[in-house]
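S.K.: Just so you know, the protein sequences line up as chains A and B, in that order. Per my numbering, residue 13 is the first one in the first sequence, and the count goes up by one each step. Per my numbering, residue 6 is the first one in the second sequence, and the count goes up by one each step. Every residue gets a Cβ at the ideal spot worked out from N, C-alpha and C, and that includes glycine. Quick caveat, the model's predicted, so the values are computed rather than measured.
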Amino acid sequence: MTRPVRLRVENLSKHFRLAKPLLLIGPTRTLYAVDDVTFEITVGSTLALVGESGCGKSTVARNIVGLQSPTRGRILLDGRDVADRANRKAVRRSVQLISQNPQSSLNRRRSILHAIVQPLRVHHLVDSWSQQVARARSLLEQVGLSAKYLDRYPSEVSGGELQRVTIARALAVEPTVLILDEPTASLDLSVKAKLLNLLRELQLQLDLTILWITHELDVARHVSDQTAVMYLGKIIEVGPSSKVLRSPAHPYTQSLLASLAVPDPSLRSAFRPLQGEVPSPIDRPTGCTFHTRCPQAFSICPRVVPNLTLVGQQHLASCHLLVPSPQSAASSASSG
Amino acid sequence: MIRYIIGRLIGSALVLLAVTALVFVLVRLTPGDPVGSFLGFAAFHDPRQAAALRHTLGFDRPVAIQYLFFLGRMFHGDLGQDPFTGEPVTKLLAERAPATLELAILTLIFSTVIAVFLGATAATHRGRSRDTLIRVGTIVGLSIPNFWLGLLLLLIFGLYVNGILPPGGFVPLTENPLDNLYHMILPVIVLGLPNLALISRILRSSMLDALARDYIVFARVMGLPERTVVSRIALPNAIIPTTTVVGLLLGYLIGGAVVVEVVFTIPGVGQLMVDSFQKNDYPVALGTTLFIATAFVTMNFVVDVLYAYLNPKIRDLYLGQLRSRDA
Numbered sequence: 013m014t015r016p017v018r019l020r021v022e023n024l025s026k027h028f029r030l031a032k033p034l035l036l037i038g039p040t041r042t043l044y045a046v047d048d049v050t051f052e053i054t055v056g057s058t059l060a061l062v063g064e065s066g067c068g069k070s071t072v073a074r075n076i077v078g079l080q081s082p083t084r085g086r087i088l089l090d091g092r093d094v095a096d097r098a099n100r101k102a103v104r105r106s107v108q109l110i111s112q113n114p115q116s117s118l119n120r121r122r123s124i125l126h127a128i129v130q131p132l133r134v135h136h137l138v139d140s141w142s143q144q145v146a147r148a149r150s151l152l153e154q155v156g157l158s159a160k161y162l163d164r165y166p167s168e169v170s171g172g173e174l175q176r177v178t179i180a181r182a183l184a185v186e187p188t189v190l191i192l193d194e195p196t197a198s199l200d201l202s203v204k205a206k207l208l209n210l211l212r213e214l215q216l217q218l219d220l221t222i223l224w225i226t227h228e229l230d231v232a233r234h235v236s237d238q239t240a241v242m243y244l245g246k247i248i249e250v251g252p253s254s255k256v257l258r259s260p261a262h263p264y265t266q267s268l269l270a271s272l273a274v275p276d277p278s279l280r281s282a283f284r285p286l287q288g289e290v291p292s293p294i295d296r297p298t299g300c301t302f303h304t305r306c307p308q309a310f311s312i313c314p315r316v317v318p319n320l321t322l323v324g325q326q327h328l329a330s331c332h333l334l335v336p337s338p339q340s341a342a343s344s345a346s347s348g
Numbered sequence: 006m007i008r009y010i011i012g013r014l015i016g017s018a019l020v021l022l023a024v025t026a027l028v029f030v031l032v033r034l035t036p037g038d039p040v041g042s043f044l045g046f047a048a049f050h051d052p053r054q055a056a057a058l059r060h061t062l063g064f065d066r067p068v069a070i071q072y073l074f075f076l077g078r079m080f081h082g083d084l085g086q087d088p089f090t091g092e093p094v095t096k097l098l099a100e101r102a103p104a105t106l107e108l109a110i111l112t113l114i115f116s117t118v119i120a121v122f123l124g125a126t127a128a129t130h131r132g133r134s135r136d137t138l139i140r141v142g143t144i145v146g147l148s149i150p151n152f153w154l155g156l157l158l159l160l161i162f163g164l165y166v167n168g169i170l171p172p173g174g175f176v177p178l179t180e181n182p183l184d185n186l187y188h189m190i191l192p193v194i195v196l197g198l199p200n201l202a203l204i205s206r207i208l209r210s211s212m213l214d215a216l217a218r219d220y221i222v223f224a225r226v227m228g229l230p231e232r233t234v235v236s237r238i239a240l241p242n243a244i245i246p247t248t249t250v251v252g253l254l255l256g257y258l259i260g261g262a263v264v265v266e267v268v269f270t271i272p273g274v275g276q277l278m279v280d281s282f283q284k285n286d287y288p289v290a291l292g293t294t295l296f297i298a299t300a301f302v303t304m305n306f307v308v309d310v311l312y313a314y315l316n317p318k319i320r321d322l323y324l325g326q327l328r329s330r331d332a
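The following block contains the structure:
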């Protein structure tokens with residue numbers, strides 16, 4: 013029943029060295045955008061990557077599609093390293109990125125037909141012009157748009173329809189993996205629901221593997237099989253969405269869920285919503301990076317970095333509260 | 006599109022009409038008149054002769070009447086005569102226009118080509134040394150007054166390093182094209198430097214804007230080479246604000262050529278204009294001003310049409326306003 017792994021991210025770290033401050037005094041500082049992130053997605057399933065703004069979700073996506081190269085770690089697509097020059101071309105075709113703002117991701121000077129056909133040409137997939145148009149037509153149909161959209165320009169089409177166009181464009185090269193970077197963030201609720209269903213249908217039809225980046229936990233719950241929660245560049249909890257988003261183990265995930273709007277007040281979560289701001293990824297808190305905002309922090313938290321530990325079936329979280337004794341936490345910290 | 010063009014055309018004509026009225030009155034507000042400059046001391050010694058001349062030239066009539074006569078003649082293609090030489094103003098303009106137009110067009114080409122290169126380079130190397138160099142350089146270029154730079158270059162090439170570049174003078178294009186261009190080098194640099202700086206700064210910022218868009222990210226992810234991404238995708242999107250500036254600059258250059266023409270002794274409209282104002286030569290002053298205003302308004306019109314062509318949204322917006330006014 014278990015299917016093979018399609019995308020594996022192994023100990024991915026992306027650090028940015030910042031420019032020297034004024035007068036070149038002081039040490040060079042480093043921004044830890046992504047720190048030692050590991051996850052894998054099996055063929056045909058969806059992993060939701062959730063977290064607040066600035067926690068490094070999009071940096072993970074940019075590293076996977078090759079816009080940035082990792083400081084450390086590897087990214088494997090079907091077991092092959094995407095950083096290898098030999099695999100570059102295949103990766104560019106197999107992995108497609110859809111960003112949150114469809115207006116920005118389409119060249120406003122070019123028609124929708126051009127947008128869809130361009131990847132076909134760049135990847136030398138279709139020869140004749142009539143074939144290209146026919147392909148564009150069927151792709152639009154696949155995302156629920158009629159062929160009359162082909163001659164329109166992005167400014168003449170609504171946001172929800174444009175997002176369908178970017179999906180059609182991504183599907184043009186028959187990818188196996190879709191990276192969705194907050195695909196519904198700029199859409200209103202009814203349009204959003206339709207798009208979620210469309211993506212679900214396409215995934216079943218085409219056996220797509222999806223990495224879904226979002227800060228909306230209800231969206232994550234709706235679309236994903238697995239969920240990984242990021243905080244300040246690290247994954248602090250990962251596991252089946254049914255576990256992570258219903259009975260979370262980490263205090264951070266618990267607080268995030270508590271901040272969700274629930275229609276029925278009697279169903280409100282017992283956990284307290286988060287207070288305060290995310291600390292800067294340049295001057296990260298010591299020990300557990302979440303200790304500055306954690307409602308349950310105790311003595312060991314500022315001193316020792318917690319490791320991801322198994323808290324249920326395939327369910328991992330990194331929190332000292334979840335470790336049987338402080339001693340084992342201390343020993344695991346010294347090894348990490 | 007035709008409706009848009011007609012609308013813009015009518016607007017331009019109204020602007021020109023307003024310009025003639027304004028200049029007509031302003032010129033007459035300056036102290037003295039052409040008769041005074043023409044007769045010199047004789048005007049003091051013989052007021053009757055002056056009055057007679059004023060009468061023959063029509064300057065004794067009310068300004069409003071004079072203006073109407075001027076308009077009547079203007080619509081027949083007659084801008085009056087230079088009272089000093091008796092030559093028609095249109096003929097003077099026709100003689101002087103080629104040098105000015107050539108200077109303006111050469112300057113425009115020179116500054117646009119270099120500015121697009123500099124602006125794009127600065128944007129793609131944002132924050133690095135090349136960007137800093139271009140930004141500082143363009144600020145310096147914008148800050149140098151062109152009469153000062155003109156005089157400085159005149160001094161350098163006229164006095165210290167002889168024989169490399171001619172420090173002034175003009176050879177008609179029809180006479181010797183190469184020599185003509187050779188004489189244009191210094192004036193074009195002086196006139197072009199601030200414009201070049203301005204265009205490259207504008208292009209840099211709109212280019213940065215375009216480069217931050219997701220379609221650029223998409224093109225890169227698709228594996229298009231960076232050069233294609235910059236020149237084929239980012240640049241066409243960034244060029245729209247630049248076209249406005251470039252178009253308006255041509256109008257500005259024709260007017261701005263005055264100083265450069267005087268410094269480098271180029272027999273253009275600008276020089277004619279300076280002379281005519283010094284002599285209180287109403288018809289020629291009016292004619293030259295009208296010439297420059299026409300150039301400006303024409304370029305404005307061309308830019309508007311080009312803009313509507315480049316960005317259909319603008320045309321629709323304008324027509325939408327017309328329609329709502331009709332309703």
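Does the distance from the CB of residue 225/A to the CB of residue 272/A come in under 8 angstroms?
M.R.: The answer is no: Cβ separation not under 8 angstroms.
S.K.: Measure how close the beta-carbons of residue 272/B and residue 101/B come, nearest whole angstrom, since I'm counting them as under 8 angstroms.
M.R.: The Cβ separation is near 6 angstroms, so the contact holds.
S.K.: Report yes or no: is there a C-beta of chain A within less than 8 angstroms of the C-beta of residue 238/B?
M.R.: Yes, its Cβ sits closer than 8 angstroms to a Cβ of chain A.
S.K.: What in chain A is Cβ-close to residue 219/B, meaning under 7 angstroms?
M.R.: Ordered by position in chain A, the residues that pass the 7 angstroms Cβ test against residue 219/B are 111, 113, 116 and 117.
S.K.: For residue 12/B, name the three-state secondary structure that DSSP assigns.
M.R.: Of the three classes helix, strand and coil, the one that applies to residue 12/B here is helix, per DSSP.
S.K.: Is it the case that the region 244-255 of chain B contacts the region 110-120 of chain B, given that we only count it when at least three CB pairs across the two stretches are under 8 angstroms?
M.R.: Touching, per the Cβ criterion.
S.K.: Suppose contacts are defined by Cβ-Cβ distances below 8 angstroms. Is residue 244/A in contact with residue 257/A by that definition?
M.R.: Cβ atoms of residue 244/A and residue 257/A: not closer than 8 angstroms.
S.K.: Between which two residues does the beta strand (DSSP E) carrying residue 48/A extend?
M.R.: Counting along the chain, the beta strand (DSSP E) containing residue 48/A begins and ends at 42-54.
S.K.: Can you name, in chain order, every residue of its own chain whose Cβ lies under 6 angstroms from the Cβ of residue 173/B, other than the five neighbours on each side?
M.R.: Cβ neighbours of residue 173/B beyond the five flanking positions: 269 and 270.
S.K.: Which whole-angstrom value is the C-beta distance of residue 112/A and residue 166/A, which I expect to be below 8 angstroms?
M.R.: With 8 angstroms as the limit, residue 112/A and residue 166/A do not qualify as a contact, their Cβ atoms being about 15 angstroms apart.
S.K.: Should residue 53/A go down as buried or exposed, given a rule of 16 or more other Cβ atoms within 10 Å for buried?
M.R.: Its Cβ being crowded by 16 or more others within 10 Å, residue 53/A is buried.
S.K.: Note down the Cα distance separating residue 161/A from residue 169/A, rounded to an integer number of angstroms.
M.R.: Looking at the two C-alpha atoms, the distance is approximately 8 angstroms.
S.K.: Mind checking which residues open and close the beta strand (DSSP E) that includes residue 249/A?
M.R.: 246-252 is the span of the beta strand (DSSP E), which, as asked, contains residue 249/A.
S.K.: Output the residue ranges of the alpha helix (DSSP H) runs that lie fully inside the region 199-244 of chain A and measure 4 residues or longer, sorted by chain position.
M.R.: As far as the region 199-244 of chain A is concerned, its whole alpha helix (DSSP H) runs of at least 4 residues are 201-218 and 229-235.
S.K.: Could you list which residues in chain B have their beta carbon closer than 7 angstroms to that of residue 79/A, in chain order?
M.R.: In chain order: 222, 225 and 226.
S.K.: Beta carbon of residue 275/B, beta carbon of residue 84/B: below 8 angstroms?
M.R.: No, the pair does not count as a contact, with Cβ atoms beyond the cut-off.
S.K.: Do residue 175/A and residue 199/A count as a contact pair if the criterion is CB distance below 8 angstroms?
M.R.: The answer is yes: Cβ separation under 8 angstroms.
S.K.: Please confirm whether residue 151/B and residue 88/B have their CB atoms less than 8 angstroms apart.
M.R.: No; because the gap between Cβ atoms is not below 8 angstroms, this pair is not in contact.
S.K.: For residue 120/B, which residues from the same chain have a beta carbon less than 7 angstroms from its beta carbon, with the 5 sequence-adjacent residues on both sides left out?
M.R.: Once the five neighbours on either side are set aside, the close Cβ partners of residue 120/B are 201, 204, 205 and 208.
S.K.: Which two residues bound the contiguous beta strand (DSSP E) that contains residue 304/A?
M.R.: Element bounds for residue 304/A: n/a, residue is neither H nor E.
S.K.: Let me check understanding here. Comparing Cα to Cα, which of 197/A, 294/A, 222/A and 215/A lies closest to residue 228/A?
M.R.: When each option's Cα is compared against that of residue 228/A, the closest is 197/A.
S.K.: I need the boundaries of the alpha helix (DSSP H) containing residue 23/A, first residue and last residue.
M.R.: Per DSSP, residue 23/A belongs to no alpha helix (DSSP H); it is in the beta strand (DSSP E), 17-29.
S.K.: Here's a check: name, in chain order, each residue in its chain whose Cβ is nearer than 8 angstroms to the Cβ of residue 308/A, leaving out the five neighbours to either side.
M.R.: 263 and 333, listed in sequence order.
S.K.: Take residue 250/B as the anchor and find which of 230/B, 219/B and 307/B has the nearest alpha-carbon.
M.R.: Out of 230/B, 219/B and 307/B, 307/B has the C-alpha closest to the C-alpha of residue 250/B.
S.K.: Looking at the strands, I want to know which residues DSSP matches up with residue 272/B.
M.R.: For residue 272/B, which the question treats as bridged, DSSP gives no partner whatsoever.
S.K.: Which two residues bound the contiguous beta strand (DSSP E) that contains residue 329/A?
M.R.: Looking at the DSSP string, the run of the beta strand (DSSP E) that includes residue 329/A is 327-329.
S.K.: Checking contacts by CB at 8 angstroms: is residue 134/A closer than that to chain B?
M.R.: Yes, residue 134/A counts as interfacial toward chain B.
S.K.: Going by CA-CA distance only, name the one from 32/B, 24/B and 296/B that's closest to residue 96/B.
M.R.: Answer by Cα proximity: 296/B.
S.K.: Along chain A, which residues have their Cβ under 8 angstroms away from the Cβ of residue 229/B?
M.R.: Ordered by position in chain A, the residues that pass the 8 angstroms Cβ test against residue 229/B are 134.
S.K.: Could you name the residues that DSSP lists as bridge partners for residue 60/A?
M.R.: 224/A and 239/A, per the DSSP bridge assignment.
S.K.: Mind checking who residue 86/A pairs with in its DSSP beta bridge?
M.R.: In the DSSP output, where bridge partners are listed per residue, residue 86/A has 22/A.
S.K.: Which residues, in chain order, does the region 238-260 of chain B contribute to contact with chain A at a C-beta distance below 7 angstroms?
M.R.: Correct list: 238, 241 and 242.
S.K.: Residue 172/A lies in the alpha helix (DSSP H); which residues open and close that run?
M.R.: Residue 172/A -> alpha helix (DSSP H) spans 171-183.
S.K.: Pull out every residue of the region 130-163 of chain A whose Cβ sits closer than 9 angstroms to any Cβ of chain B, in chain order.
M.R.: The region 130-163 of chain A vs chain B, Cβ under 9 angstroms: 130, 131, 134 and 135.
S.K.: Please report the residue range of the beta strand (DSSP E) in which residue 189/A lies.
M.R.: Run containing residue 189/A: 189-193, per the beta strand (DSSP E) assignment.
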